[in-house]
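**Q**
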Amino acid sequence: MVPEGEYILNKVEVKSDSAGYNAGALKQYVRQKEKPKLFSLFKNPFSKKPVIYDTLQARLSCQDLLTAMQNQGFMHAGVSLYTTKKGKKLDATYLLHPGEPFMIGKVKYEVEDEHIQQLLHLDNPDNQQ
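In full-length UniProt numbering, the protein residues as written are 1 to 129.
(1) Count the other CB atoms within 10 Å of the CB of residue 98; is the residue buried (16 or more) or exposed (fewer)?
(2) For residue 90, count neighbouring Cβ atoms within 10 angstroms of its own Cβ and tell me buried if that reaches 16, exposed if not.
(3) Applying the 10 Å Cβ sphere with the 16-neighbour rule, what's the burial state of residue 61?
(4) Is residue 60 helix, strand or coil when you go by DSSP?
(5) Unbroken beta strand (DSSP E) runs of length 3 or more, entirely within the region 51–125: which are they?
(6) Would you mind working out which of 102, 53, 120, 1 sits nearest residue 108, comparing C-alpha positions?
(7) Could you tell me if residue 74 is buried or exposed, where buried requires 16 or more neighbouring beta carbons within 10 angstroms of its beta carbon?
(8) Can you tell me the Cα-Cα spacing of residue 30 and residue 4, whole angstroms?
(9) Does DSSP put residue 27 in a helix, a strand or coil?
(10) Going by beta-carbon coordinates alone, are residue 8 and residue 36 separated by less than 7 Å?
(11) Would you mind stating whether residue 2 and residue 33 have Cβ atoms separated by less than 7 Å?
(12) So what's residue 13 in DSSP terms, helix, strand or just coil?
(13) Between the C-alpha atoms of residue 67 and residue 26, what's the straight-line distance to the nearest angstrom?
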C-alpha cells in the first residue's frame, strides 16, 4: 500500500526539444528509475519493490542532467521536469533544452621554450590558422 501523498514511479522518460540531440544517452543521470516491468505478471518474492517518487531525487537528477549537458559543451542548457499523476502512479518526463553548443573559435599559444614549441608543432603552418 502506498502512503497518502506519495506516488509509485511508473515511467521515466528523458526527451529533448532539439531534434539532433540524443537525450536517451543521458538517462543514466536520472537517480530514480521505474521498476522493470519484465515478469511483472508473476509474483516473485525476490522482485524489486516499487519505487516511491522522491521530489528531492528528481531535483538532483535535473541538476545532474544539466551538468552533463554543460560538460558536453552546451553552456546555456536547461532542464524541465514534467510529472503526470494517474491514481497512485506517477510518470516523470525530463525535457532537455540543450541550446547551441559552445565552440572555441581560435586558440593561441605563447610558448617561450623552443623545445616545447617543437613538441607542440607550433611552427607548422597547419597549426597556425
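Beta carbons: idealized from backbone N, C-alpha and C, even for Gly.
**A** Based on what the coordinates show:
(1) buried
(2) buried
(3) buried
(4) helix
(5) 78–86, 89–97
(6) 120
(7) buried
(8) 25 Å
(9) helix
(10) no
(11) no
(12) strand
(13) 11 Å
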